[in-house]
Amino acid sequence: MAKITLSNLRHSYYPAPEKRDDYALKNIDLDWEDGGAYALLGPSGCGKTTLLNIISGLLTPSEGRILFDGKDVTDWTPGRRNIAQVFQFPVIYDTMTVYDNLAFPLRNRGVDPAHIDRRVQEIARLLEVENMLDRRASGLSPDNKQKLSMGRGLVRDDVNVVMFDEPLTVIDPHLKWKLRSKLKELHQRVKHTMIYVTHDQTEALTFADQVVVMDEGEIVQIGTPVDLFARPAHTFVGHFIGSPGMNVLPCELRNRGAFFQGSPVPLEGPVRADASGRAEIGIRPEFVTISDAGLDAVVVKVSDVGRHNVVQAMVGDTKLAAIIEGDVPHKGESVKLSFRQDQTRLYCDGWLATEI
Amino acid sequence: MKTHNQKAWFFVLPVLFLVAFNALVPMMTVVNYSVQETFGNNLFFWQGLDWFENILRSDRFHAALGRQFLFTGLILLIEVPLGIAIALSMPRKGVWVSVCLVAMALPMLIPWNVVGAMWNIFTLPKIGLAGYFLNDVLGVNYNMTQDPVAAWVTIIVMDAWHWTSLVVLLSYAGLVSIPEAYYQAAKTDGASNWSIFRYIQLPKMKTVLTIAILLRFMDSFNIYTEPFVLTGGGPGNSTTLLSIDLVKIALGQFDLGPAAAMSLIYFAITLLVSWLFYTLMNKDNLN
C-alpha cells in the first residue's frame with residue numbers, strides 16, 4: 000500500500016503535441032492518500048481512463064512523474080508496480096476454475112501455496128463465491144465473472160492500489176447496487192487504496208470518500224460528495240452533479256455585485272477582488288423557491304419525478320429549473336422566483352468567484 | 000387450438016432436390032458399383048460385400064492407408080504449431096498488417112496442379128532452383144524422383160508452403176479478437192508470456208483452431224492433385240497416398256467395383272476421424 004503522487008503529469012496521444020488541446024491530460028498534480036476510497040468522475044472522453052492507465056503503467060505519460068510513497072515508478076512495468084486493475088468488461092481466464100483464477104496473481108509472484116489458499120478462501124468468502132471455487136470460470140454469470148475480476152484485484156494483500164475502470168457497465172441494474180455496496184464494504188475491510196472510475200455520479204458519490212471530478216483532461220474539483228454538491232468549484236461540477244444540475248445563469252458584474260437581467264441578485268458572500276471574465280450565477284434547483292417577490296418567470300414545464308416536482312421556467316430568455324415540494328404551478332402560469340442567498344454563488348470564466 | 004398443416008414440407012423440397020443431385024445420387028452410384036461386378040456392355044453381377052472384404056484385407060490398401068495417415072499426421076504436426084507461431088509473431092496494428100496478410104494469402108490462391116508443377120520444376124536437379132542449390136551448391140544428393148525420403152520431404156514441404164497460411168489466417172483472426180483488456184489484466188496479474196499464451200491466447204483461438212485442424216485434416220487426407228503432379232505416387236509406391244491409389248484402381252485398372260468399395264471406406268474413415276476430432280475438441284464446451 001502506498002501514497003500515490005502524480006506530479007506535473009501531461010499526456011498526449013499525438014507524437015508531437017503543440018496546442019493545449021492536443022493533450023488528453025493537461026497538467027495533473029494530485030496525491031492519492033494511502034487507504035483512501037477515491038472516485039474519478041467525469042463525462043466520457045475526459046481522460047479518466049488515460050489517467051488510470053498511466054497510474055497502472057499501461058501507458059507512459061508524455062511528461063511528468065508518478066511516485067509511489069515518494070519513489071519514482073514512471074518507468075516501471077505494470078507487474079512491477081504491484082497494482083491491480085478491474086476493467087469495464089470482466090476479464091477471466093476461461094479455462095481455469097474460479098479458484099485458479101483467484102490464485103493466478105499470487106502464483107505468478109511465487110507466493111507459497113498455504114498462503115495462497117488462505118487468501119483465496121478469504122476473498123471468495125468476501126465476494127460470496129466460496130461455493131463456486133471448483134467450477135470452471137467460463138460458465139459463470141456476468142456479475143459473478145465481474146466479481147471474479149474484482150477478486151483477482153483484491154487477492155494480493157500487498158497491492159499498492161486497486162483501480163476500477165467503470166466495472167459495473169455490464170452488470171444488471173439490480174445487481175449494480177449490490178456489487179457497489181459490496182465494494183464499499185470490501186474497502187472498509189481490506190483498506191487498500193482504491194480508485195473507482197465512472198461517469199455515473201451515483202456510483203461515484205456512494206463509493207468514494209473523495210471524488211475527483213475531471214473535465215477535458217483537467218481536474219476541476221476534489222472533495223467529498225457533500226462538498227461537490229454544496230459548493231461546486233466550477234460550473235461544470237455544479238452542472239454534472241445533481242439531478243437536474245445547477246442552474247447557470249449569465250449575469251453582469253457591476254461594482255462587484257451581480258445583476259441578472261437587470262435586477263441585482265444577493266450572493267452568498269463578497270466577490271473575489273480579482274474576479275473577471277464571463278460572469279455567471281450558480282444556484283441549485285433545490286434552492287430556488289416560488290415566492291411573492293422575486294424574478295418574474297413563466298412556467299414552461301412541470302415534471303413529477305416522484306418525491307418532488309421539477310419546474311422549468313423561463314426568466315426572459317433564460318431557462319431555469321426549480322425543485323418544488325407541495326403545491327406546484329401550472330404550465331403557462333406566471334410566478335415569482337427567489338434564490339436562497341447563502342446558496343447563490345458567482346462564477347467567473349467557470350470558476351467559483353465568491354467567498355464566505 | 001393448434002392447427003396441423005403439413006404444407007411446410009414443400010419448402011424442404013428445393014434443398015432435397017439439390018442435395019439429391021450433388022450428394023445422394025452420385026453417392027448411390029458408387030454404392031451401386033461397390034456391390035456388383037461389371038464387364039462392360041451394361042452387364043452387372045451381384046457381388047455382395049466381397050469387394051469390401053477384399054479391400055480391407057489387401058496389403059496394398061493397408062500400405063496406402065498407412066502412408067496417408069503418416070502424411071496427414073506430419074502435416075498437422077508441422078502446420079498447426081507453425082501456423083500458430085507465425086500468427087503470434089505477426090503485427091496486430093499498422094501498415095504491415097495488410098502486407099503480412101496478403102503475403103500469407105498468396106500461396107492459397109494458386110491452383111493445386113500449378114503448385115504441383117511449380118514444385119516439380121523447382122526441385123529438378125540441374126535446372127530447378129532448389130534442385131540445383133541442394134545438389135551443386137550444398138552438395139546434398141537430392142533427387143526426389145529416385146529417393147523416397149527426398150520425395151516425402153518434398154511433398155511435406157510443398158503442402159506446408161501451400162497450406163500453413165490457412166492455419167495462420169484463422170489463428171490470426173482468433174488473436175485479433177482478444178480484447179486489449181485481457182493483455183492489460185494479465186500484465187497487472189504478473190503473468191509470463193507463456194501464461195498469456197496458455198491461458199488467454201490459446202483458449203481464445205480454440206474455436207478457430209478446431210476449424211483449422213478439421214480443414215487441414217480433411218484436405219490433407221483427401222489430397223490428390225499436388226503429389227500426383229509432383230511425384231505421381233513414386234518413386235515406386237512410396238508416395239502413393241490413398242487418393243492416388245484409388246484413381247489407379249478406378250481409372251488405371253478400371254476395376255470399378257473394388258474402386259467403389261474403396262471410395263466408400265475412404266469416405267467413412269474421413270468422416271469418422273473428423274467426427275472424432277470435432278467431438279474431442281469440443282468436449283469441454285459441451286459439459
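Top to bottom, those sequences are chains C and X.
Reading the first sequence from the start, the letters are residues 0 to 355 in numbering that gives the first Met the number 0.
Reading the second sequence from the start, the letters are residues 0 to 286 in numbering that gives the first Met the number 0.
Don't be surprised by glycine CBs; every beta carbon is placed ideally from N, CA and C.
Per DSSP, the bridge partner or partners of residue i
i, result
"F67/C", "I3/C and K70/C"
"Y195/C", "A38/C and F163/C"
"N246/C", "I282/C"
"L351/C", "Y346/C"
"M213/C", "I218/C"
"Y22/C", "S11/C"
"M313/C", "V297/C and K318/C"
"G109/C", "According to DSSP, which records beta bridges pairwise, G109/C is partnered with nothing at all."
"I289/C", "L336/C"
"E62/C", "R9/C"
"L137/X", "Paired residues: none, contrary to the question."
"G256/C", "R253/C"
"V264/C", "A257/C"
"W176/C", "DSSP lists no partner for W176/C."
"D303/C", "N308/C"
"G28/C", "For the record, residue 28/C in the displayed sequence is Asp; it is not Gly. In the DSSP output, where bridge partners are listed per residue, D28/C has none listed."
"I323/C", "N308/C"
"H233/C", "W350/C"
"V270/C", "T353/C"
Top-ranked residue by Cα proximity to residue i, from the options
i, options, result
"A267/X", "L250/X, M217/X, R66/X and I77/X", "M217/X"
"N119/X", "M103/X, M143/X and L55/X", "M143/X"
"D157/C", "D171/C, R79/C, D208/C and R230/C", "R79/C"
"P141/C", "H198/C, L167/C, L153/C and Q342/C", "L167/C"
"T37/X", "A249/X, G232/X and L123/X", "A249/X"
"A84/X", "R66/X, Y181/X and L168/X", "L168/X"
"V160/C", "D33/C, N308/C and D21/C", "D33/C"
"E127/C", "L336/C, E184/C and R283/C", "E184/C"
"R19/C", "E217/C, V309/C and R255/C", "E217/C"
"V287/C", "V310/C, A274/C, D226/C and S180/C", "V310/C"
"G251/X", "V30/X, A102/X, G231/X and L123/X", "G231/X"
"V119/C", "A136/C, G138/C and Y98/C", "Y98/C"
"E320/C", "K144/C, V247/C, I122/C and G44/C", "Note that residue 320/C is Ala in the sequence shown here, rather than Glu. Residue V247/C is the option with its Cα nearest to A320/C."
"L101/C", "G152/C, G138/C and L174/C", "G152/C"
"V212/C", "N81/C, L50/C and Q260/C", "L50/C"
"I322/C", "S333/C, S337/C and T197/C", "S337/C"
"L275/X", "A259/X, E225/X, N221/X and T209/X", "T209/X"
"A274/C", "V298/C, A23/C, D171/C and G349/C", "G349/C"
"K282/X", "Y265/X, A258/X, I222/X and T206/X", "T206/X"
"F163/C", "L178/C, D171/C and H173/C", "L178/C"
"V30/X", "F20/X, F51/X and N40/X", "F51/X"
"V42/C", "T76/C, V314/C, E165/C and S333/C", "The question names Val, yet the displayed sequence has Pro at residue 42/C. Here the closest residue by C-alpha is E165/C."
"A203/C", "V72/C, D291/C, Y37/C and G315/C", "Y37/C"
"S319/X", "A211/X, S170/X, L214/X and D49/X", "Beyond the ends of chain X as shown, which are 0 and 286, falls residue 319/X; an answer cannot be given."
"A159/X", "L76/X, A149/X, K203/X and Y131/X", "L76/X"
"A102/X", "A62/X, D58/X, P80/X and T163/X", "T163/X"
8 Å contact criterion, which residue i and residue j should meet: CB distance rounded
i, j, result
"Y341/X", "M95/C", "Limits of chain X in this structure are 0 at one end and 286 at the other, which puts residue 341/X out of reach."
"L266/C", "T343/C", "5 Å"
"G305/X", "L229/X", "Since the first and last residues shown for chain X are 0 and 286, residue 305/X lies out of range."
"V245/C", "P231/C", "The sequence given here has Met at residue 245/C, not Val. Yes, M245/C and P231/C are in contact; Cβ-Cβ is about 6 Å, under 8 Å."
"L245/X", "M261/X", "6 Å"
"Q67/X", "G256/X", "Their Cβ separation, rounded to whole angstroms, is 21 Å, which puts Q67/X and G256/X out of contact at 8 Å."
"A312/C", "V334/C", "7 Å"
Short CB-CB distance (under 8 Å) between residue i and chain B
i, result
"L57/C", "Judged by its chain identifiers, the structure shown contains no chain B, and its protein chains are C and X."
| Any chance the region 142–160 of chain C sits against the region 79–99 of chain C, with 3 or more Cβ pairs inside 8 Å? | yes
| query | Is there contact between the region 56–69 of chain C and the region 236–251 of chain C, where contact requires at least three CB pairs shorter than 8 Å? | reply | no
| message | Just to confirm the assignment: which complete alpha helix (DSSP H) runs, minimum length 4, are found wholly within the region 210–254 of chain X? | response | 224–229 and 241–246
| query | Do the region 299–307 of chain C and the region 22–32 of chain X meet, that is, are 3 or more Cβ pairs less than 8 Å apart? | reply | no
| said: Whether or not the region 234–242 of chain X and the region 108–117 of chain X are in contact is what I'm after, with contact meaning three or more pairs of Cβ atoms, one per stretch, closer than 8 Å; do they touch? | reply: no
| query | Three or more C-beta pairs closer than 8 Å, one from the region 7–14 of chain C and one from the region 22–42 of chain C: is that the case here? | reply | yes
| task | May I have a chain-ordered list of the alpha helix (DSSP H) segments no shorter than 4 residues that lie completely inside the region 79–151 of chain C? | result | 97–107 and 112–126
| task | Could you tell me whether the region 41–56 of chain C touches the region 98–109 of chain C, where touching means 3 or more Cβ pairs closer than 8 Å? | result | no
| Do the region 137–153 of chain X and the region 164–179 of chain X make contact, defined as three or more Cβ pairs closer than 8 Å? | no
| message | Ignoring anything shorter than 3 residues, give me the beta strand (DSSP E) runs that lie fully in the region 26–53 of chain X, in order along the chain. | response | 35–37 and 43–45
| task | Report yes or no: do three or more beta-carbon pairs, one from the region 270–290 of chain C and one from the region 4–23 of chain X, lie closer than 8 Å? | result | no
| query | Are there three or more Cβ pairs, one per stretch, closer than 8 Å when the region 267–282 of chain C is compared with the region 248–257 of chain C? | reply | yes
| field | Any 3 or more C-beta pairs closer than 8 Å across the region 219–229 of chain X and the region 189–197 of chain C | value | no
| field | Segments of 4+ residues assigned as alpha helix (DSSP H) that fall wholly inside the region 102–159 of chain X | value | 111–122 and 128–131
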